[in-house]
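For the sequence shown, counting from 1, position 246 maps to 245 in numbering that gives the first Met the number 0; every step adds exactly one. A short write-up of the structure that comes next.
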Amino acid sequence: MMPNPPELASGASAEAARDVAREAAFDARIAAGESIEPKDWMPERYRKQLIRMMSQHAHSEVVGMLPEGNWITRAPSLRRKMSLIAKVQDEGGHGLYIYCGTETLGVDRHDLVEQLLNGTAKYSSIFNYPTLSWADMGVIGWLVDGAAIVNQTILAKTSYGPYARAMIRICKEENFHKRQGYEIVATLAKGTPAQRAMVQDSVNRFWWPSLMMFGPSDTNSPNSGELRRWKVKRKTNDELRQRFVNLTIPQVQAVGLTVPDPDLAYNATTEDWEFGAIDWAEFNEVVRGNGPCNRERIAARRAAHDNGQWVRAAATAHAEKQAQNKTEAA
Ligand code: FAQ
Numbered sequence: 000m001m002p003n004p005p006e007l008a009s010g011a012s013a014e015a016a017r018d019v020a021r022e023a024a025f026d027a028r029i030a031a032g033e034s035i036e037p038k039d040w041m042p043e044r045y046r047k048q049l050i051r052m053m054s055q056h057a058h059s060e061v062v063g064m065l066p067e068g069n070w071i072t073r074a075p076s077l078r079r080k081m082s083l084i085a086k087v088q089d090e091g092g093h094g095l096y097i098y099c100g101t102e103t104l105g106v107d108r109h110d111l112v113e114q115l116l117n118g119t120a121k122y123s124s125i126f127n128y129p130t131l132s133w134a135d136m137g138v139i140g141w142l143v144d145g146a147a148i149v150n151q152t153i154l155a156k157t158s159y160g161p162y163a164r165a166m167i168r169i170c171k172e173e174n175f176h177k178r179q180g181y182e183i184v185a186t187l188a189k190g191t192p193a194q195r196a197m198v199q200d201s202v203n204r205f206w207w208p209s210l211m212m213f214g215p216s217d218t219n220s221p222n223s224g225e226l227r228r229w230k231v232k233r234k235t236n237d238e239l240r241q242r243f244v245n246l247t248i249p250q251v252q253a254v255g256l257t258v259p260d261p262d263l264a265y266n267a268t269t270e271d272w273e274f275g276a277i278d279w280a281e282f283n284e285v286v287r288g289n290g291p292c293n294r295e296r297i298a299a300r301r302a303a304h305d306n307g308q309w310v311r312a313a314a315t316a317h318a319e320k321q322a323q324n325k326t327e328a329a
């Protein structure tokens, strides 16, 4: 049977044909390297993937305040306390930008926060490890923010405009975080034998979890194919992990520390630092909610949310009063 000519197609099939045309136009824009903006047409799946990824990122920034917030009262000097407070505050700000960016995709931040609090949303595995010593503040700034910079510098070129623009400012701040972290590490590495041992112990604990931040290996990353096709992700998880290791090992050597990997070796042909096997069983457990601090982190977020209820109520009442005053004056 001959297919219906377009003008005779039913309403539903005409709509489907329009979607095919819109999708082709969207793909062409992506191929041309154009930025997709909130009011532009986008495939539903693109929108959903971005909401997933951006909201997980925002949650990570906010939960990421907890391990470091734990050390603000115990910073060893006023200078260290000031920079740690500023860093933790910056992470809260990053969460705010990214929640705002996610809202441009038509979701409500309250729903996203609810997903975090009820345990249905993911956030970065790294923040489920405890911070046991002051050296952890240096190592987190250096390795964790360092890993975040490697990931986010590429995300600054992602195809969704609001996310890409948020990344530009966030990366600038993350650079400051990394430098303050590395300065703490370098100071401790040059310090007393006890300080040196403390910072080496911290690197031993945070090295592998930092490599896990980049996500599962490429062969086991269900979202990568689609995200790469849409240029949301411009490099794979393994490519970024390798870049991080290559950038970091010279920094480890510069301060005379080591990483806990007997298989680490330089490959002069590829110019890569090859590393040993990652413990994916540990990663999967942490992502499933069974890491050392998952329950503690969510309990802390829930308590902060409940304790902040009166602030949200006061801000809403104030905004309503302002709006009413404006209406009355008009
Ligand atoms: N932890 O298919 P893929 C920071 C999940 S910000 C937990 O490869 P995708 C700043 C993944 O969601 C750190 N879950 O996924 C800071 C997916 O689950 P789903 C956060 C993980 O999206 C510093 C499943 O596994 N940064 O550190 C992790 O293509 C210091 C399969 O994985 C971002 O979020 C993980 N590590 O690639 C703050 C950056 N990895 O949703 C405070 C933006 C994967 O299908 C202090 N995000 N999963 O159920 C990304 O670049 C990507 O989403 C990846 C994952 C690379 C994280």
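The beta-carbon is built from N, C-alpha and C at its ideal position, and this holds for glycine as well.
Close Cβ partners of residue i (< 6 Å) along its chain, the five nearest in sequence each way excluded
i           : result
residue 279 : none
residue 248 : 272
residue 115 : 58
residue 40  : 21
residue 268 : none
residue 322 : none
Assigned secondary structure, residue i (DSSP; H/G/I helix, E/B strand, else coil)
i           : result
residue 40  : coil
residue 117 : coil
residue 271 : strand
residue 35  : strand
residue 256 : coil
residue 189 : coil
residue 1   : Confidence is the limiting factor: at residue 1 the pLDDT is only 43, short of 50, which leaves the residue's position unreliable, though a coordinate-based value still follows. The answer is coil: DSSP assigns residue 1 none of H, G, I, E or B.
residue 139 : helix
residue 131 : coil
residue 212 : coil
residue 78  : helix
residue 248 : helix
residue 233 : coil
residue 122 : coil
residue 183 : helix
residue 310 : helix
residue 277 : coil
residue 302 : helix
Check: residue i C-beta below 7 Å from any heavy atom of ligand 1
i           : result
residue 143 : yes
residue 179 : no
residue 232 : yes
residue 121 : yes
residue 258 : no
residue 95  : no
residue 220 : yes
residue 125 : yes
residue 369 : Outside the modelled stretch of the chain, which goes from 0 to 329, sits residue 369, for which no answer is possible.
residue 147 : yes
residue 183 : no
residue 211 : yes
residue 63  : yes
residue 296 : no
residue 241 : no
residue 331 : The first residue shown for the chain is 0 and the last is 329, placing residue 331 beyond what the model contains.
residue 389 : Residue 389 falls outside the range modelled here, since the chain spans only 0 to 329, and no answer is possible.
residue 139 : yes
residue 19  : no
residue 115 : no
residue 204 : no
residue 168 : no
Residues sharing a beta bridge with residue i, DSSP
i           : result
residue 266 : 271
residue 71  : Partner(s): none; residue 71 has no beta bridge.
residue 159 : 35
Same chain, Cβ closer than 8 Å to residue i, neighbours up to 5 away in sequence not counted
i           : result
residue 327 : none
residue 68  : 87
residue 0   : Residue confidence is low: residue 0 scores 41 on pLDDT, short of 50, so the model does not pin down where it sits. Its coordinate-derived value is still stated next. The answer is none, since no qualifying residue turns up.
residue 215 : 236, 279, 282
residue 101 : 49, 50, 53, 54, 57, 108, 111
residue 74  : 80, 83, 133, 136
Residues of its chain near residue i, where Cβ-Cβ distance is below 7 Å and the 5 sequence neighbours each way are ignored
i           : result
residue 177 : 140, 141, 144, 145, 148
residue 7   : Bear in mind that a pLDDT of 49 at residue 7, under 50, signals an unreliable position, so the model cannot answer this.
residue 296 : 62, 65, 126, 127
residue 184 : 137, 138, 141, 198, 254
residue 25  : 40, 41, 42
residue 333 : No answer is possible for residue 333: the residues shown for the chain start at 0 and end at 329.
Within-8 Å CB hit, residue i to chain D
i           : result
residue 298 : The question asks about chain D, but that chain is absent: this structure has only one protein chain.
Item to complete: Could you tell me whether the segment 226-246 touches the segment 137-156, where touching means 3 or more Cβ pairs closer than 8 Å?
Response: yes
Discussion item. With a threshold of 8 Å, are at least 3 pairs of Cβ atoms found where one atom belongs to the segment 35-52 and the other to the segment 227-236?
Written reply: Here the segment 35-52 lies against the segment 227-236, with 3 or more beta-carbon pairs under 8 Å apart.
Worksheet item: Are the segment 158-168 and the segment 200-214 in contact at 8 Å, needing three or more beta carbon pairs?
Response: no
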